[in-house]
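A.B. asks: Letter by letter, the sequence shown follows residues -23 to -1, 1 to 40 of mature numbering (1 follows the signal peptide of the UniProt record, and there is no 0).
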Amino acid sequence: MERTTGWIFALALLAIAPGAAHAQTVQKCIGRGGYARYQSEPCARGERTAETWDAVPEPEPER
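1. Pick helix, strand or coil for Thr25, following the three-state DSSP scheme.
2. Hey, Thr29 and Gln1 are a contact pair by Cβ (cut 8 Å); roughly how many whole angstroms apart?
3. With DSSP run on the structure shown, which of helix, strand or coil describes Arg9?
4. Mapping DSSP to helix, strand and coil, what is Ala(-1)?
Given below as structure tokens:
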């Protein structure tokens, strides 16, 4: 019985724990005319990828 209680507690804890923050890939695209555009999708046709990096969201402040 104790083992089952432990598993239920562990599953409940996982259910209420906040999900891990997922990094999103950011693309810096340079278009015609030299303008820069930052987006999460690949650059459009006619643009070149100047930079790519993973952006990790900042954690929410404690309340």
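Glycine is no exception: its CB is placed at the ideal position from the N, C-alpha and C atoms.
All of these numbers come straight from a predicted model, not from anything done at the bench.
C.D. replies: Taking the definition as stated:
1. The sequence given here places Arg at residue 25; Thr does not occur at that position. Taken through DSSP and simplified to helix, strand or coil, Arg25 comes out as strand.
2. Contact doesn't hold; Cβ gap of about 11 Å is too wide.
3. In this structure, Arg9 counts as helix in the three-state DSSP scheme.
4. In the structure shown, Ala(-1) sits in coil (DSSP, three-state: anything other than H, G, I, E or B).
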